[in-house]
Amino acid sequence: MRLLLGVFVAAVWVPAMASACTEDPVLAEVALELSAREVLDGAALAEALEIAGSDQRHGWARRFRRRAAADEWLRELPRDAPLSCGRAHRDDSVLVVATARAGSLTIDAGRARATVAEGFREAHLVVRDGDGALHRLALTDGEASLEGVPRPLVVQLVATGPRGPRPVAERRVGRRRPTARVVGSGTLADRLEALREVHGASPLRSNRLLVEAARRHAEAICREGVAAHELDSDPESRLASRGIRARVVGEAVARVAPADDPLNALVRSPGHAAALVDRRFTDVGIGEVTAHGRRCVVVSLAAWPRYVGR
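Note that the sequence shown covers residues 8 to 317 in our numbering.
What follows is the structure in structure tokens.
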């Protein structure tokens, strides 16, 4: 860990904050790293988390001048798992970093070991190998072998919680290569079809009901300022509330700066990429909204959806 002298001081939560979150020294280091930055966005947070050695890639970061305001913010954060946090002081402000820790992932000697929080199920690994191929690996007693998978690797632990499936932890194995990207021009739907073709998946039919559901969820994500698979329900329940049933339901969510490419943001995550090229899906609805200084995209996926009435 770096030691910085002067006005930058990493801190842990005092007892009064214990009810809001659990102190994590790694997140205090992340807060220290971010405290000197002008821009606090998802990409900066993910990079700082990885540099600090955390297996988390998503969370929240915000500056405060009053501790009471930070306390209130932490209590109101939407989370589906226990909250961990750390902070760093800089001059007269404090930067707070928090994550909802739904799982943990360690990799040693070619074996991955994973745990998930209470209320999470269907845990598995999604791995992007050194050739760009995606692998879904089952866990046996919380472990899986990574032997024989071409390096370097991006290994994600994915699990289904009370608010639907999501990546809950991530590790890299081997030297980092350029980030996966989807090249080409055209609409998001056109580029998604090209991505699926590369992975041997059939084209998707645009579904009006899925488009409407995706657009509404994208609006909510921009309004609430959080990129999540849900705000008050899981993807399957939200479709069901609109009278839609399907054999399998999936979702990919991105919240990026207006100039950024949301599809490339999605494929950087092996779990999201695996959902986008899943051969089981037959229909898609893409919702895209730019508001509150962010570009929010929801890709709603379903296998043989049908309208059954509300």
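Each residue gets a CB set at the ideal place from its N, CA and C atoms; glycine is no exception.
- Among the bridge pairs identified by DSSP, Leu-308 is matched with Gly-257 and Val-291.
- Counting only residues of its own chain and dropping the five nearest sequence neighbours on each side, Asp-87 has a CB closer than 7 Å to the CB of Ala-107, Ala-109, Gly-168, Pro-169 and Arg-170.
- The closest CA to that of Ala-272, considering only Val-304, Leu-164, Val-284 and Thr-29, is found on Val-304.
- Beta-bridge pairing by DSSP links Cys-92 to Glu-30 and Ala-105.
- Fewer than three Cβ pairs drawn from the segment 219 to 228 and the segment 133 to 149 lie within less than 8 Å of each other, which leaves the two stretches out of contact.
- Your pair Cys-28 and Ala-105 checks out as a contact, with CB atoms roughly 6 Å apart and the cut at 8 Å.
- If you look at His-142, you'll find it isn't in any alpha helix (DSSP H); it sits in the beta strand (DSSP E) that goes 141 to 145.
- Collapsing the DSSP output to three states places Arg-74 in a helix.
- In the DSSP assignment, the residues bridged to Gly-168 are Gly-171.
- Excluding its 5 nearest sequence neighbours in each direction, Ser-42 has C-beta neighbours in its own chain below 7 Å: Phe-15, Ala-95, Arg-97 and Leu-102, listed in chain order.
- Nearest C-alpha to Cys-229 among Asp-48, Leu-112, Pro-269 and Val-296: Val-296.
- Taking C-beta atoms as the reference points, Gly-294 and Ala-221 count as a pair closer than 8 Å.
- Within 10 angstroms of the beta-carbon of Ser-248 lie fewer than 16 other beta-carbons, which makes it exposed.
- Beta-bridge annotation (DSSP): Gly-110 is paired with Val-123.
- Glu-243 and Asp-99 have their C-alpha atoms some 45 Å from each other.
- For Ala-151, the closest alpha carbon among the candidates Pro-174, Leu-132, Val-161 and Asp-290 is that of Leu-132.
- The Cβ-Cβ distance between Ala-266 and Leu-308 does not fall below 8 Å.
- A distance below 8 Å between beta-carbons, with the five flanking residues on each side excluded, links Gly-126 to the following residues of its chain, in chain order: Asp-87, Ala-88, Gly-168 and Pro-169.
- A Cβ-Cβ separation of about 6 Å places Thr-289 in contact with Arg-212 under the 8 Å criterion.
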